[in-house]
Structures are given as C-alpha cells and as structure tokens.
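Novice: Take this structure, written in structure tokens, and hold onto it; I'll ask about it next.
Written out as structure tokens, the structure is:
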C-alpha cells in the first residue's frame, strides 16, 4: 500500500473519514487480473511480453510540435486533385454555383467523418488495423482493406510524381522543349514532325517524348527507360522521407506542405498581371444556378469531398495516432477541412487566370489564321471587298473586328459558308474547353507557361510544386500502410519501409511501359472509389451503431475536455451513413451505365480516341475492386465463426496509477455503491473497504460491472466483494 494513500493515512488518524469510495479507488494501484492470485481464467501472465507492450506504448513516436502535425495532415489532404481536379469540376458543374453543393457536403459528410477518423486514431493510438480491431473485431477487415487501397493508390500516384520529376529536369533549358514542334530531316528537306503538326507542341511532347505511348492498352511496347528512372527516383524520395517514420517524414512536411502555397500565391500574382486573366476568372465563377438541381453535380461534389480529405485510406488515423490524448482533434479537423477547401479555391483562381491568358493567346492565333483565309478569298474574288466593313484593318485586326466581319460573311454567304472553312474564334469557346488531370498539368498549363516571360523559371516552380504536393500525399498514403502493419506485426520500421518501397517499385513497372498511362487511368478510376466508399460506410457504422454514438461522445468529452456539438451525434448516426449509402449506390449505377473504357492516343491520327477495355483488362479491373474489398467479408467470417482470434487481445495496454478509475469520477453518490459492489444501493457495504481483486473477462460473477468497457481498451474487470485480507 502506498505510504501516502488516503487509506494508510486514515489508519494512523482518529479523524472522521468523509471521502467517497470513488475517491479512495482513484488513489489505489490497479491490479492486473492476470497477475492476481484470484485469476480464474486460466490465462498465464507473460512478464516479458507484458513489459514489452507497456514499453511500446510509452515509447510510441510523437510529433515534435502541433505545427508539424497540422502540416502533415494538410500535406496529406491537399494533393494533386486540388490543383487539377477541383477546377475542372468547378467549371463543368456550374462555376461558382458548384461551390454551394461542395461546401454543404463538406460540412455534413467531410468534416464529421474526418473528425471521426482523427478522434479514433488519437484515442486508441494505433494504425487502422488496430483501431478497427478494437472498436469492432468482426469489422477488423476495414483496416486491411484500407492498407490494400493505399497500396493500389500509391502504385500509380508515385508514377505521377515521376512524370513531374521528368518535366522538372526538362525545364532547365530555354526555350522550353515543348514550346515548338521538332524538325525532322526527310532526305534534304527539313519538315515539321507530322504528329506534332497535327496536334500541338505540348501535346506531342507529352504523348511522344514523355510517355512514348502506344496506340492501345493491348500494345505493351516495352519499358520506357526514362520513366523507369524517374519512378525509381520518386520511390527513393518516398523511402527516404518514410524510413524513420514521423521523425523523418515530419521534417519533410515543413517544406512539402508550405512550398506549394508559396508557388500558388506567386502564380496567382503573376497570373492576374497577364492579359486575359480576368476573363478566365470571370468565366470560372459566373454561377450557372440550374446546375445545382442536377444530381450528378452533387454526386461529383461528394466524391471530391471524400477523396480531398483522404477519408478511408488510413493515413488520417495513422497521423492522428501519434498525438497526445488530450490534443484538440476537433479544432484540427475543422482547420484542415477548411484549409483544404480554400486551397482548392486558390488553385482554381490560379488555373483559370492562366487558362484565361492562354485562351486569349489561342483566340488571337485563331483570328490571325482565319484573317489570312479571308484575305486569300478576297484576292481570288471568292469574296467581295464590299463584305468587309470599312473600319477593319487587317494589319491590326482585333477579335471584335473579326467577329463583326465573320457575321457579315456568314449572313451573305449563307448557302456556301461551310465551304469557306472559317472559324468563329470566340473566346467563350476557348474557355469552355475543359481539361483535367494530366491534360491540365502536362498539356494546357505547360502550353500557357511557354508564353510567360522567363518561362523556364515558372516551369521549374510549377513542377516542383507538383512534386511536393504528390510527396505530401504519398507520405500519408504510405503511413496508411506502414503504421498499422508495424503496430500489429511488430516488424522493424526501417526494414519494412525499404522492402515496401522496393516491392512497390517492381510492381509499378507496369505503369512505365509504353501502355502504362492506360493502366494509371484504370487504377485511378476503379481501384479506390467503390472499395473506399464501402470502407468509410463501415467505419461510420462501427463507431455510431456498434460501438455506440453516446459512448463515443462520452469518451470524446473525457479526451477533449469538452463535449462535441450535438451536430456530430446526428451526422455520425444518421446523416453521414445515409449520404454515403446514396453515394455508393450512385457510384455502382455509374459503373453500370458507363462502360469501362479509356482515352487512347492514336499516333497516326494524332488524336485521342475512346476505346473499351479488352476482356483481360476487364478481369484486372474487376480483380482490383474484389481484392480491395475482400478483407471485409473474410475477416468477418473468420471471426464470426471463431476461426481466428478477434484481435482485441493483441493490443498493448498500459494502465497507470489512477488511470483505470478515471471514468468513475463523475458518478453520482448512489452510482458509486453500484459501481463497487452491486446494482442496488441498499446493498452498501460497511464503511471499511474490502480488498479488490480483478477476476478477468468472461466471469459470470453477479457483481459484474456495467457492460461499458473501462479505460481506453474496454477490458472488462470484475470486483469481488469477499475480502481475501483486510487492508
């Protein structure tokens, strides 16, 4: 008995004792039922293993500072999708009107589920496997499914970083190599490369110089050695950033998370000074309110919210598990969610300021080309000079003058107008050419940068930004694999990280063959969307309906020091599961309605063509979805029929003095007696407390405690009323 305990002090004092039973218990050393002589479960106590588990919990890595943790979460959630997916969806789905459904769904789906993942990771201090084994062992497959999805996403995501690395190194030259079409020698005649002439210089550089792409997914074409080396560099960067866990990756986050914002702000300032930038921004944010009634807009907004925050991957849980238990994760969830949203808006401003400039350049080019056609028709008397307004000056032809001339010719030559082959050259048409993904980053944006003054500098900055955005997301994605595996199977961090990167590089060679871009498209479209939606629905159900929303809210109150808003109670229990179920149904319908296919680059036509996946590719596609979802039913069946351990006993638990009794500090007076001895207040024992021994889980003692688990890991403990010895 500790010398300074209240019980010991009372034995040497004649003063009247008034402290409560709960107060007494809070100062006693907790007894481990496995070590107790009243251990009736037959379990043996492994002193070495128990000590190792306690040491593991005590020595769990932690973030050096709150700032480092916030930057890690921002770096993970803010990725390439914010730069090249959100602006496209905004333009496609009603401009400024799209922000309304996105913000609504961010609040009712994104924020609550993001908060939920942060909270369970911080509370249980384990990766995704350990967290869901604890909350609901039968749904422990959630953690394994998350790891598989992270692996699939990491495979192709790092290929995109490899492409950015290639463009980054190619940017250190003037003029930029994609600014002009290459000249080929045909005998004694020098001509422009046909494929480039029929498309554009940036398109040619992307498809031919960078990817050297084949005509279809069925034509492998062998490895592209340039992209293979870039992929090796990309995996080396990820491995170096991850090898020491958060000790190394946390330091990387200071640069990889902050640098993209520096670049975006610089691009915004530069973009706003470009001619035509305002046209792009006005086009972008002009609301088309009728789009808000389109269910497809809401589905795409929900999907973007879902992936923008990285829900279901396990990276959010992994990062949060290295926090202190009293960290205010509610503040973190709100801060990161809205920083993510404002980053998307900032990126959209940058993209459309630059694309507005590009649209003006392309529109002027169109005017010049068509004016030359009109001059030719005037010189050959196909068109009369009377059709040209007197104020039009062909040497300084403006877009407004051309449009006026175009309308006159179209009206007079109505019957033969198509034969003239004249284009309208409307700025609106250029701005409506929506591009996303690689088409935006590696074609449209690179083409715009060729017209910038000091274009190599801006190109270096842009692709360095993409590398950092991708690296931040890759660190979070890889943490979704390494943290739960290391926590669960106790493998060496360095060895597993290096082995994982080497294995991923070897498997990723499929993406750097000449047909690799088509596999990137396949994995991006099908490997994550449906499995992750199912994973997040089950996460929500596991916490809200199986573990219990009230119980979870109570634990959050104890952990945070304040009770979260009732808003979260209703969103976790009702709103989010329903919305996610609707999203999953819509995704399945979309898969059924839209036949799986991809856009292939046909070299002979110098154009894209939509092709359907062949049978073997459909088999791979289906296998990806099934494999990513397989752990969910498999683990449920194995644990339902007790074919494997439920995993709940493998978690390390450390109870410190006074820790286990923390949960009873708020009990009412009458509840204290029920907590100690019985459910009936009248059965109160004598004031002299008896010796307490823990009888291990599974006992049928009538004096069993409430079914709510004690401590962090919910191990059931029983209290014996029959004393073995007096205090």
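Numbering (the UniProt record's numbering), first residue to last: 1 to 727. Ideal placement from N, C-alpha and C gives every residue a C-beta, glycine not left out.
1) Return the chain-ordered list of same chain residues with a C-beta closer than 6 Å to the C-beta of residue 552, the five sequence neighbours on each side being excluded.
2) Please report the distance separating the alpha-carbon of residue 318 from that of residue 455.
3) Give the DSSP-derived three-state secondary structure of residue 608 in the structure shown.
4) What would DSSP say about residue 597, mapped onto helix, strand or coil?
5) Mind reading off the beta-carbon distance from residue 778 to residue 321? Whole number of angstroms is fine, and I expect it under 8 Å.
6) Would the stretch 111-118 count as touching the stretch 371-380 if we require 3 or more Cβ pairs under 8 Å?
7) Going by alpha carbons, who is nearest to residue 149 out of 541, 585, 529 and 633?
8) If I'm right that residue 332 touches residue 70 with Cβ under 8 Å, what's the distance once you round it to whole angstroms?
9) Label residue 395 either buried or exposed according to how many other C-beta atoms from any shown protein chain fall within 10 Å of its C-beta, with 16 as the threshold for buried.
10) Thinking just about the alpha-carbon of each residue, which of 95, 247 and 182 is nearest to the one in residue 345?
11) Give the single residue among 520, 562 and 347 whose Cα lies nearest to the Cα of residue 465.
12) Please identify the residue among 408, 369, 373 and 155 whose C-alpha is closest to the C-alpha of residue 390.
13) Please classify residue 265 as buried or exposed, where buried requires at least 16 neighbouring CB atoms within 10 angstroms.
14) Looking at the strands, I want to know which residues DSSP matches up with residue 513.
15) Whole angstroms is fine: what's the gap from residue 133's alpha carbon to residue 236's?
16) DSSP three-state label for residue 190, please.
17) What is the DSSP secondary structure of residue 78, counted as helix, strand or coil?
18) Whole angstroms are fine: how far does the CA of residue 339 sit from the CA of residue 576?
19) May I have the straight-line CA-CA distance separating residue 722 from residue 239, to the nearest angstrom?
20) Note down, in chain order, each residue of its chain lying with its Cβ closer than 6 Å to the Cβ of residue 207, except the 5 sequence neighbours on either side.
21) Measure from the alpha carbon of residue 275 to the alpha carbon of each residue in 467, 503, 363 and 290, then state which is nearest.
22) So within the stretch 354-427, which uninterrupted alpha helix (DSSP H) runs reach at least 4 residues, ignoring any that extend past its ends?
23) Ordered along the chain, which non-local residues of its own chain (more than five positions away) have a Cβ less than 7 Å from that of residue 507?
24) Does residue 450 come out as helix, strand or coil in the three-state DSSP assignment?
25) So, with DSSP's three-state summary, where would you put residue 104?
26) Where does residue 602 fall in DSSP's three states?
27) My output table needs one value for residue 286: the three-state DSSP class, helix, strand or coil.
28) Here's the rule I'm using: 16 or more other beta-carbon atoms within 10 Å means buried, otherwise exposed. How should residue 393 be labelled?
29) What residues in its chain sit with their C-beta under 8 Å from that of residue 184, if we drop five residues either side in the sequence?
30) Report buried or exposed for residue 523, applying the criterion of at least 16 other Cβ atoms within 10 angstroms of its Cβ.
31) Go ahead and label residue 299 buried or exposed: buried means 16 or more other beta carbons lie within 10 angstroms of its beta carbon, across all protein chains shown.
32) Please name the residue in 373, 220, 180 and 430 whose C-alpha comes closest to that of residue 405.
33) What would DSSP say about residue 217, mapped onto helix, strand or coil?
34) Residues bridged to residue 120 by DSSP?
35) What residues are listed by DSSP as bridge partners for residue 185?
36) Within the chosen definition, does the stretch 463-478 reach the stretch 100-107 through at least 3 CB pairs nearer than 8 Å?
Specialist: Taking the coordinates as given:
1) 543
2) 40 Å
3) strand
4) strand
5) No information on residue 778 is available, as it lies outside the stretch 1 to 727 that the chain covers here.
6) no
7) 529
8) 7 Å
9) exposed
10) 95
11) 347
12) 408
13) exposed
14) 223
15) 32 Å
16) strand
17) coil
18) 21 Å
19) Unreliable placement is indicated for residue 722, whose pLDDT of 33 sits below 50; the coordinate value is still reported in the next sentence. Their backbone Cα atoms lie some 58 Å apart in a straight line.
20) 213 and 601
21) 363
22) 399-412 and 417-420
23) 155
24) coil
25) helix
26) strand
27) coil
28) exposed
29) 190, 191, 192 and 193
30) buried
31) buried
32) 373
33) coil
34) According to DSSP, which records beta bridges pairwise, residue 120 is partnered with nothing at all.
35) 190
36) no
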